[in-house]
């Protein structure tokens with residue numbers, strides 16, 4: 827399953843009301859490290875499709891949610907379960923570290 831795009835208007839239904847855990851990747855087109863981890867997140871999305879939804883939110887097109895959450899640096903990854911943020915990490919990591927971190931939180 828490919829990553830899904832989340833917007834300010836869909837964040838509530840796509841993330842907070844999701845039955846399955848959701849990892850949100852807050853990113854921007856001008857962010858080099860964001861572009862570096864994007865392919866890894868796509869692969870992880872396929873590999874862990876039955877366990878977690880991986881969503882992407884462009885902070886330039888959707889400033890409200892990142893602003894309300896206090897996102898200061900990107901890439902910023904936040905894992906939500908049952909409408910609550912349960913884990914977060916800022917900065918790029920190799921795919922193996924990202925996947926291990928996600929799996930340890932599920």
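Residue numbers (our numbering): 827 to 932. For every residue, glycine included, the Cβ atom is placed at its ideal position computed from N, Cα and C.
In angstroms, rounded to a whole number, what distance separates the CA positions of residue 895 and residue 926? Each residue's CA atom was taken as its position, placing residue 895 and residue 926 some 24 Å apart.
In this structure, how does DSSP classify residue 853 when only helix, strand and coil are distinguished? strand
Pairwise C-alpha distance: residue 838 and residue 918: 26 Å
What number of angstroms, rounded off, separates the C-alpha of residue 849 from the C-alpha of residue 881? 6 Å
Spell out the partners DSSP gives residue 884 in its beta bridges. Residue pairing by DSSP puts residue 884 in a beta bridge opposite 853.
Flag this pair as yes or no: are the beta carbons of residue 864 and residue 886 separated by less than 9 Å? no
Hey, how far is the Cα of residue 877 from the Cα of residue 921? 17 Å
Below 9 Å between beta carbons: does that hold for residue 846 and residue 879? Yes.
Residue 841 to residue 829, Cα distance in whole Å? 13 Å
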